[in-house]
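Shown next, in structure tokens, is the structure this report addresses.
Protein chains: 2
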Amino acid sequence: MGATLKDVAQHAGVSYSTVSRVLSGQPHVRPEVAARVREAAAALGYVPDGRARSLKTRRATVIGAIVTDVCQEFITPVVRAIEDVASRRGFAVLLANADDDEGKEESYAELLLQEGVAGAVVAATGDRSRAALRLAQGGVPVVAFDRRVDAVDVDSVTVDNVGGACAAVSHLLAAGYRRVALLAGLMIAGTARMRCEGFEAAHRRTGIPINRGLVVQELRTSDEAAAAAAQLLEGPRPPDAVFTTNARLAAGALAAVRSSGLRLGSDLGFVTFDDPLWTRLLECPLTTVAQPTYDIGCRAAEALFRRIDGDAGPPVHEVLETSLQVRASTMPRAPVPVSQ
Amino acid sequence: MGATLKDVAQHAGVSYSTVSRVLSGQPHVRPEVAARVREAAAALGYVPDGRARSLKTRRATVIGAIVTDVCQEFITPVVRAIEDVASRRGFAVLLANADDDEGKEESYAELLLQEGVAGAVVAATGDRSRAALRLAQGGVPVVAFDRRVDAVDVDSVTVDNVGGACAAVSHLLAAGYRRVALLAGLMIAGTARMRCEGFEAAHRRTGIPINRGLVVQELRTSDEAAAAAAQLLEGPRPPDAVFTTNARLAAGALAAVRSSGLRLGSDLGFVTFDDPLWTRLLECPLTTVAQPTYDIGCRAAEALFRRIDGDAGPPVHEVLETSLQVRASTMPRAPVPVSQ
DNA sequence: CTGAAAGCGCTAACAG
DNA sequence: CTGTTAGCGCTTTCAG
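Chain order of the listed sequences is W and D. The opening position of the first sequence corresponds to residue 1 in my numbering, with each subsequent residue numbered one higher. The opening position of the second sequence corresponds to residue 341 in my numbering, with each subsequent residue numbered one higher.
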């Protein structure tokens with residue numbers, strides 16, 4: 001186990017550095033010798049030691065990715081994309097789940113720093129994420145995705161959260177819904193906050209008042225969303241539509257809708273941010289705000305590699321568009337009948 | 341950027357190795373000196389270099405995880421679990437998507453070897469995975485999960501695929517379904533193969549013949565599953581129930597069912613391996629074979645750490661149970677009416 | 001209790 | 001074209 005450069009050199013009857021040259025593809029080596037070296041390496045099952053190399057060269061072939069939770073449907077395609085472009089460049093990715101916990105986030109940043117990653121993409125918990133700051137201070141290129149960070153001005157790849165949410169809620173309002181409930185995630189996250197803003201903007205624009213009693217924030221799990229939705233639905237003045245700021249909350253809310261006996265589309269309008277496959281499988285397919293998830297990951301990773309490759313230009317902030325997928329859950333509301 | 345041990349030593353007015361001792365928590369250092377060192381380290385924003393440490397100690401704090409695809413719903417909770425237990429032990433995880441491609445799998449194994457990971461959990465593509473073998477040969481502890489590997493006898497954590505599938509199909513048969521279609525994934529994967537075996541076992545046990553025309557294998561994507569299902573459903577002798585070997589295929593098949601106009605539960609029985617949240621949200625909730633996904637990840641990671649900690653006992657193979665979640669999609673079939 | 005010194009495996013000048 | 005040499009940042013004997 002573990003042949004080293006020296007072993008290979010001995011076996012091939014050349015020096016230490018010749019082997020290094022051959023194996024790192026440098027020119028100026030007689031083909032004949034090169035062949036002998038390669039043979040020796042193969043024979044010994046030689047595997048270069050990335051740590052030693054990286055220690056010497058100050059270059060790493062690992063990047064870090066700090067995300068909120070791999071289990072979230074929105075996140076997986078972006079992780080996948082990051083991994084794809086990294087792997088295409090011969091890099092591996094160190095994955096970190098921060099769970100929207102700033103403490104975890106920081107300790108992961110520290111860990112990435114220790115591991116000497118070449119760069120990191122991070123979906124920060126809050127806007128003032130110290131993690132991104134810490135990494136940047138440590139000289140590690142950082143690009144933010146999903147959420148921007150304020151603490152330090154780094155590249156970012158996000159979507160137009162306000163616009164997406166506003167379009168969704170405007171669509172609901174235009175379809176005749178008047179009492180739209182808002183089920184939102186943690187306000188520490190810029191995404192949730194901006195989606196709430198979009199919700200407000202849509203109301204403002206159309207002059208329809210927001211029913212504060214129908215706004216529930218700081219929802220973390222789908223169970224919490226289910227409970228909140230149930231309470232609203234059973235309340236004295238229930239909503240006639242629901243907007244959720246992410247798919248996880250949507251799943252919870254839908255469970256509550258199901259047990260309320262209300263029928264989506266006819267009795268209750270529904271739109272959610274995020275567009276997982278299953279929204280199309282429901283009896284009443286869901287209208288959604290789709291994000292270009294895979295593309296977000298690609299662009300974030302590409303931006304990172306641009307920095308790793310030495311680009312020192314001013315930070316660039318890419319804002320991608322969402323697209324409203326209109327489906328049956330927001331069919332135009334029949335006007336309230338005048339007479340029974 | 342990048343204060344080193346030497347810098348800290350200078351700053352604190354002590355020697356090189358004293359700093360090392362303090363920072364790695366060794367005893368035999370005067371508290372007073374230790375405090376001064378710690379101060380200096382903090383002041384300089386010192387971050388230990390994991391690579392250098394690992395190079396010297398031959399111990400790493402990174403483990404690798406080779407999976408098929410993070411986007412698969414089954415996989416995310418297990419990745420999450422692996423990450424959770426690793427992080428609890430101060431380890432990070434290097435994630436690799438092999439996509440059921442043996443080439444990719446091997447090159448990732450090589451990469452993990454180069455990075456000097458302390459160990460790796462791998463969901464191998466085929467039974468004869470050279471990746472696991474390569475890692476094991478390189479002296480890296482390996483534990484297989486989801487699928488066992490034959491090429492080398494390492495610990496494994498899997499579920500009873502044959503039993504789970506057999507239970508599901510037996511349930512279908514007992515409920516009166518007689519023409520059960522089988523939509524299966526890649527036969528190179530032991531999981532798919534064993535689930536097919538379960539399908540056969542259930543038929544064998546009940547004496548009901550398998551309709552070979554209703555068996556479709558080597559399905560990769562949900563679109564392929566949709567196409568296969570559509571073809572079956574529109575054929576001359578359509579199935580009266582469908583069993584899919586994973587959630588991805590189920591989603592595709594369901595799309596086909598939806599456009600066929602057939603009603604789940606009443607017109608067509610349906611069971612799938614895997615139990616994502618959304619199966620409960622459908623108009624007709626799905627009967628499923630649930631795997632203890634998070635638990636699989638935990639046990640795999642724990643087994644790995646046992647090896648990393650030096651356990652040299654014989655390989656242990658944990659086989660976890662699946663559980664059949666009976667829901668509306670398999671309601672007992674009404675006997676065919678004798679007269680109209 | 002603390003310092004000096006020898007490498008871990010590798011690369012990158014610098015000589016030959 | 002090839003060999004020698006000096007470290008990268010750290011841990012770890014071995015002396016004091």
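Backbone N, C-alpha and C define an ideal beta-carbon position, used for all residues, glycine too. Small disclaimer: the values here were computed from a predicted structure and weren't measured.
Check whether the Cβ atoms of residue i and residue j sit closer than 8 Å, and answer yes or no.
i       : j       : result
T61(W)  : A92(W)  : yes
A124(W) : A132(W) : yes
D409(D) : D439(D) : yes
G261(W) : A226(W) : no
V461(D) : A343(D) : no
M534(D) : V494(D) : no
V85(W)  : E302(W) : yes
C166(W) : G190(W) : no
S669(D) : G605(D) : yes
V369(D) : R361(D) : yes
I210(W) : E218(W) : no
H11(W)  : R148(W) : no
D275(W) : A290(W) : yes
Which first and last residues belong to the beta strand (DSSP E) in which residue i is found?
i       : result
E110(W) : Run containing E110(W): none in the beta strand (DSSP E); it sits in the alpha helix (DSSP H), E102 to E115.
T244(W) : A241 to T244
I63(W)  : V62 to V67
S323(W) : S323 to Q325
L435(D) : A432 to N437
H317(W) : H317 to L320
T288(W) : T287 to A290
L526(D) : It is not in any beta strand (DSSP E) - L526(D) carries neither H nor E in the DSSP assignment.
V157(W) : D155 to V159
V122(W) : G119 to V122
V143(W) : V142 to F145
Chain W partners of residue i, CB-CB under 7 Å?
i       : result
P417(D) : C71
E372(D) : Ordered by position in chain W, no residue passes the 7 Å Cβ test against E372(D), which lies about 26 Å from the chain.
E442(D) : Chain W residues near E442(D): none, gap ~15 Å exceeds 7 Å.
Using the Cα positions of residue i and residue j, report the straight-line distance between them to the nearest angstrom.
i       : j       : result
I406(D) : R470(D) : 13 Å
R518(D) : A581(D) : 8 Å
I82(W)  : S156(W) : 14 Å
L320(W) : V79(W)  : 17 Å
P337(W) : D267(W) : For P337(W), the predicted model reports a pLDDT of 48, less than 50, meaning its position is unreliable; a value from the coordinates is still stated below. P337(W) and D267(W): Cα-Cα distance of roughly 14 Å.
A174(W) : V326(W) : 13 Å
Q680(D) : R560(D) : Any reading at Q680(D) must be qualified, since the residue scores a pLDDT of 41, below 50, and its modelled position is unreliable; no value is offered.
L249(W) : T206(W) : 26 Å
L232(W) : V257(W) : 10 Å
Q412(D) : P315(W) : 34 Å
R673(D) : S259(W) : 25 Å
G466(D) : R128(W) : 45 Å
V8(W)   : A569(D) : 56 Å
R474(D) : G404(D) : 13 Å
G139(W) : L112(W) : 12 Å
Which chain W residues sit within Cβ distance under 9 Å of residue i?
i       : result
G478(D) : M1, G2, G45 and V47
E540(D) : Going along chain W, no residue has its Cβ under 9 Å from E540(D), so there is no contact; the nearest lies around 28 Å.
Kindly indicate the opening and closing residues of the alpha helix (DSSP H) around residue i.
i       : result
E610(D) : According to the sequence shown, residue 610(D) is Phe rather than Glu. Element bounds for F610(D): not the alpha helix (DSSP H) but the beta strand (DSSP E), G609 to F613.
F645(D) : T633 to I648
L572(D) : S562 to E574
L23(W)  : Y16 to L23
E379(D) : P371 to L384
T57(W)  : G50 to T57
G592(D) : A587 to S600
L345(D) : L345 to A352
R474(D) : R470 to Q477
Can you list the residues of chain D that residue i reaches, using a CB-CB cut of under 7 Å?
i       : result
A253(W) : Ordered by position in chain D, no residue passes the 7 Å Cβ test against A253(W), which lies about 10 Å from the chain.
A52(W)  : L395
G116(W) : D389, G390 and R391
Residues of chain W with CB under 8 Å from residue i, in chain order?
i       : result
N437(D) : R80, E83, D84 and S87
L453(D) : V47
Below 7 Å, is the gap between the Cβ of residue i and the nearest heavy atom of the ligand HEM?
i       : result
A524(D) : For the structure depicted, the ligand HEM is absent and the ligand set is empty, with no information on it obtainable.
Output, in chain order, the set of chain D residues within a Cβ distance shorter than 9 Å of residue i.
i       : result
V62(W)  : V402, L434 and E455
L282(W) : W618, L621, L622 and E623
Output, in chain order, the set of chain D residues within a Cβ distance shorter than 8 Å of residue i.
i       : result
E302(W) : Residues of chain D passing the Cβ test: none, with the nearest at roughly 18 Å.
Notebook entry, point to check: Is there contact between the region 275-290 of chain W and the region 307-314 of chain W, where contact requires at least three CB pairs shorter than 8 Å?
Noted result: no
Margin query: When you compare the region 523-536 of chain D with the region 584-603 of chain D, are there three or more beta-carbon pairs, one atom per stretch, that lie closer than 8 Å?
Written below: yes
Notebook entry, point to check: Does the region 95-110 of chain W touch the region 38-48 of chain W, meaning 3 or more C-beta pairs lie closer than 8 Å?
Noted result: no
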